[in-house]
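Read the sequence shown against the working numbering and you will find it ends at 261, with the numbers running on by one and no gaps.
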Amino acid sequence: MSLLDPESILVSKDMMADEGIHTTIGYLVKEPVHEREKPYDLMYSPPPPAQQTNIKNEAKPVVIYNFRSLQSPQSFLDCGFAVVELHNHPGLTSTDFMSDANVQDSVYPSVKENLRQTFPDASEIKILHHNLRKRQLREEDYQFSQPATFAHIDFTTESARITAAAAFGVTTFRRLVTVNFWKSFQGPGNDWPLALCDSRTVDYSSETVATDIIYTDGISENRRVYHNSQHKWYFVKDLADHEMIMFLQTDSMSEKGEYEY
């Protein structure tokens, strides 16, 4: 798979003016092979002649604007993401985030509280897992998952259903929603902020495609995104210690126009 140069997305203070961050984001290339073969990506090196992927990315120039002035109580429902409070902020350090127990004890309750406030009718709220990403420019230095440099949605409705059944043993849902939370654990995160696309600017039926992510011990499915110059991208400047970004992945109600179960 074609990857972007990680250095291309680093942000300087001069780039965070009102005109936004000028950078590139990887988009899925429309390939003729995808008309007969589902896009896939193997998370391991297969033996020849098998190919590791049938996906190509192309770096497209985008402008990513500061979301601060646009934040409102309706942000999550309107555009799919919002800045929320890390309630009872415990003053976690970057070292604290390296401990799974610390994250589960200090952050998970706030995640659940924010979800409960957003979805007050939810019958159950479950947390799947958390993951640390740490930008390292040289591949030989990689010790953590690296920030993704291509546009994607972590789940499809189908893979969310399968994951919920496998992880929690729940197979029947009135409504199934998957939500991610993101937080920098080393200051405001301005050098490599999370880029978020306003969901209202994406035509999901024509601009996204389900993609198989294949591991040695299983398979998942996410959505990759085709380029459209009308996509509107945002970041949150100066994310405070007591703040997190909450963003929607899938909602069986909104995607189908009705409850799936």
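Just so it is clear, CB atoms sit at the ideal spot from N, CA and C, and this is done for glycine as well. Since this is a predicted model, take the numbers as computed values, not measurements.
| Asked | Found |
| --- | --- |
| Helix, strand or coil at I162 according to DSSP, with G and I counted as helix | helix |
| Closest by C-alpha distance to T156, when choosing among D203, F76, D212 | D212 |
| Strand pairing of A59, partner residues [DSSP] | G26 |
| Own chain residues within Cβ distance below 6 Å of S110, not counting five before or after | L86, H87 |
| Alpha-carbon spacing of K13 relative to D241, whole angstroms | For K13, the predicted model reports a pLDDT of 45, less than 50, meaning its position is unreliable; a value from the coordinates is still stated below. K13 and D241: Cα-Cα distance of roughly 19 Å. |
| Straight-line gap, Y204 to H231 (C-alpha atoms, nearest Å) | 12 Å |
| Test item: CB-CB of F76 and L248 under 8 Å | yes |
| Reference V107; option with closest CA among P49, S252, D251, E243 | E243 |
| Sufficient close CB pairs (3 or more, under 8 Å) joining the stretch 55-64 to the stretch 28-38 | yes |
| Simplified DSSP state of L196, which is helix, strand or coil | strand |
| Enclosing alpha helix (DSSP H) for T118 [first to last residue] | 108-118 |
| As assigned by DSSP and simplified to three states, the class of D154 | coil |
| Backbone CA spacing between G189 and F97 [nearest angstrom] | 15 Å |
| Per-residue burial, A151 [other beta carbons within 10 Å of its own, 16 or more giving buried] | buried |
| Status (buried if at least 16 other CB within 10 Å, exposed otherwise) for N114 | buried |
| Closest Cα partner of K183 within the set A122, N131, D41, D78 | N131 |
| Pairwise C-alpha distance: M43 and V236 | 31 Å |
| Where the alpha helix (DSSP H) containing S220 begins and where it ends | S220 -> not in any alpha helix (DSSP H); beta strand (DSSP E) instead, spanning 218-225. |
| Beta-carbon gap between M253 and R175 smaller than 8 Å | yes |
| Assigned exposure category for F81 - 16 Cβ within 10 Å defines buried | buried |
| Reduced DSSP category for Y40 - H, G, I as helix; E, B as strand; rest coil | strand |
| Burial state of I64 (16 or more Cβ within 10 Å) | buried |
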